[in-house]
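Letter 201 of the sequence shown, counting from 1, is numbered 1636 in the numbering used here, and no numbers are missing. Where is the CB? At the ideal position from N, CA and C, for every residue including glycine. The structure presented is a predicted model; accordingly, all values stated were derived computationally and were not measured.
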Amino acid sequence: MNAEEDIMSNIEAGRKTAIHAAFWAAGLGLLALVVAAPRLNLSAQSGMRSAADIERKTHPSASARTAETIIRDWPERARGAARAMIEKYGKPNRGSADALVWYNNGPWQKTVVYRRAWPQSAATREDDFLEQTIAYQVPNDKINALKRFDPRLSVNKIRAELSCRSESESANFLALNLADEIVVNKRSVESARDFCLKTRRLARSGKTSPYLEGFLFEMFNDRSSGPEYPGPL
């Protein structure tokens, strides 16, 4: 073999080695994705379970005074949200160091005030301590639309519930009223977003709106047939 042939042979061998290395690296990359995907999914599921775990770890609340003791060391905004609910709905049904829970309070199936804004996500602001739930069956083809409107909305198909977490009850009323209008095709996602931003902006300047004060849709209809929660303990 002459020098030129030797060089070409080396080049060809190097090319084959590079190709094999590329396939090997790609295979490792794919394997990493396959291994990582379940972990990412489990991480999300773990976050979803955290709220349920927090609620399960609450215990029967003896009095509003007990609730006041619980929230004494909470962050100021969380403490303010809890006191607003105590003042309006009385003592919570359950409580722990991390949450106070009311069942069947006013128009709500469930109200939870968390010590910390939960769950931590890009869509959750630092003051989203208040989560409130109604009986509401969201059609499957509307779930994504509601998530696009406000990621803080949570749909539970098994329990036929719709929840929202925010900084206040009025903000939850607003989000859920607009969610219903999206479901019944009264508004598009974009229209609901624009109206929500405008209403919140006006509210900060002292102007009110029926959307902030209660539900504008009939609560007892074919979409609001969820499970019963226990009454006051």
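Checklist line | Simplified DSSP assignment, three categories, for residue 1593 | finding: Stepping through the sequence shown from its first residue, residue 1593 is reached at position 158. Here residue 1593 sits in coil by DSSP.
Item checked: Buried/exposed call for residue 1546, threshold 16 Cβ in 10 Å -> Residue numbering aside, residue 1546 sits at position 111 when the sequence shown is read from its first letter. Within 10 angstroms of the beta-carbon of residue 1546 lie 16 or more other beta-carbons, which makes it buried.
Margin query: Among the candidates 1544, 1506, 1562, whose CA atom is the shortest distance from the CA of residue 1594?
Written below: Here residue 1594 refers to the residue found at position 159 when the sequence shown is read from its first residue. Looking at the Cα atoms, 1544 is the closest of the given residues.
Next item on the list: Can you say whether residue 1641 is buried or exposed, counting buried as having 16 or more other CB atoms within 10 angstroms of its CB?
Entry: One-based indexing of the sequence shown puts residue 1641 at position 206. Label assigned to residue 1641: exposed.
Next item on the list: Classify residue 1526 as helix, strand or coil using the three-state DSSP reduction.
Entry: Walking along the sequence shown from the start, residue 1526 turns up at place 91. DSSP places residue 1526 in coil when its eight states are reduced to three.
Margin query: With three or more beta-carbon pairs closer than 8 Å as the criterion, would you say the stretch 1635-1649 touches the stretch 1571-1578?
Written below: No: the two stretches stay apart, fewer than three of their Cβ pairs being nearer than 8 Å.
Notebook entry, point to check: So residue 1582 is in the alpha helix (DSSP H); what residue range does that whole segment cover?
Noted result: Counted from its first residue, the sequence shown places residue 1582 at position 147. For residue 1582, the enclosing alpha helix (DSSP H) begins and ends at 1578-1584.
Note to self: Please report the straight-line C-alpha distance between residue 1541 and residue 1631, rounded to a whole angstrom.
What the structure shows: Taking the first residue of the sequence shown as position 1, residue 1541 is located at position 106. Taking the first residue of the sequence shown as position 1, residue 1631 is located at position 196. When rounded, the distance between both Cα atoms is 23 Å.
Item checked: Straight-line Cα distance separating residue 1649 from residue 1605 -> Position 170 of the sequence shown, counting from 1, holds the residue named residue 1605. Position 214 of the sequence shown, counting from 1, holds the residue named residue 1649. One C-alpha to the other measures close to 8 Å.
Check: What do you get for residue 1463, buried or exposed, if any count of 16 or more other CB atoms within 10 angstroms of its CB means buried?
Finding: As a first step, residue 1463 is located in the sequence shown; it is residue number 28 there, counting from the start. Confidence at residue 1463 is low in this model, with a pLDDT of 40, below 50, so the placement of that residue is unreliable and no value is reported for it.
Note to self: Considering only the alpha carbon of each residue, which of 1645, 1585, 1598, 1652 lies closest to residue 1626?
What the structure shows: The residue you call residue 1626 lines up with position 191 of the sequence shown. Of the listed residues, the one whose Cα sits closest to residue 1626 is 1585.
Note to self: Could you check if residue 1644 belongs to the surroundings of the ligand HEM, using beta carbon to heavy atom distance under 8 Å?
What the structure shows: In terms of ligand content, the structure shown is empty, and the ligand HEM therefore cannot be addressed.
Checklist line | residue 1672: first and last residue of the uninterrupted beta strand (DSSP E) it sits in | finding: Lying outside 1436 to 1668, the shown extent of the chain, residue 1672 is not represented and no answer is given.
Checklist line | Local conformation of residue 1568 per DSSP, three classes | finding: If you number the sequence shown from 1, residue 1568 lands on position 133. Of the three classes helix, strand and coil, the one that applies to residue 1568 here is strand, per DSSP.
Check: Alpha carbon to alpha carbon, how far is residue 1534 from residue 1516?
Finding: Taking the first residue of the sequence shown as position 1, residue 1534 is located at position 99. Taking the first residue of the sequence shown as position 1, residue 1516 is located at position 81. Straight-line Cα distance between these residues: approximately 11 Å.
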